[in-house]
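Take 1 as the starting number for the sequence shown in the UniProt record's numbering and just add one per residue. We put the beta carbon where it would ideally sit given N, CA and C, even for glycine. Keep in mind the model is a prediction, meaning the values are calculated, not measured. Structure first, then comments.
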Amino acid sequence: MVRRALPERTCVGCRQRAPASELLRIVAVRDEAGYSLRPDPLRRLPGRGANMHPDPACFALAVRRRAFGRALRITEVLDHGVLAEHVDAPTTTSGQPDRARVASRVGRPT
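Quick look at the structure:
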């Protein structure tokens with residue numbers, strides 16, 4: 001039996017490596033007001049992504065260190081309001097945020 005290695009990514013908050021399936025992918029979406037950070041739990045949105053543990057402590061570290069701009073290679077000010085709501089959202093028993101609420105926040109139909 002051959003075991004395949006799981007892809008690993010680094011959390012932009014705590015800088016710890018973890019399997020990609022344990023991390024939340026984040027992308028920057030451009031709108032008329034500038035860039036806003038959006039959670040991409042299904043890992044399907046186009047563009048460069050950053051990864052973070054879905055934990056408020058890692059989110060706070062990433063914001064304090066201004067890690068999102070560096071990871072996403074954006075020099076403009078980033079709005080992280082939607083991402084903050086997602087990280088603070090109540091989770092289901094699986095530990096993942098409710099998919100219907102996530103889809104409504106990132107602008108996708110459920």
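Only exposed fits P46, as fewer than 16 other CB atoms lie within 10 angstroms of its CB. Under the DSSP definition of a beta bridge, I26 partners with P39, A50. Sixteen is the threshold: since fewer than 16 other Cβ atoms of the shown chains lie within 10 Å of the Cβ of R43, the residue is exposed. When the Cα atoms are used, L83 and L6 turn out to be separated by approximately 26 Å. In this structure, the alpha-carbon of V27 lies about 30 Å from that of R3. Checking the DSSP bridge columns, you'll see A18 partnered with R9.
Judged by DSSP secondary structure, L72 falls within the alpha helix (DSSP H) whose first and last residues are 67 to 72. Residue pairing from DSSP places L78 in a beta bridge opposite Y35. The Cβ atoms of L23 and C11 lie closer than 8 Å to each other.
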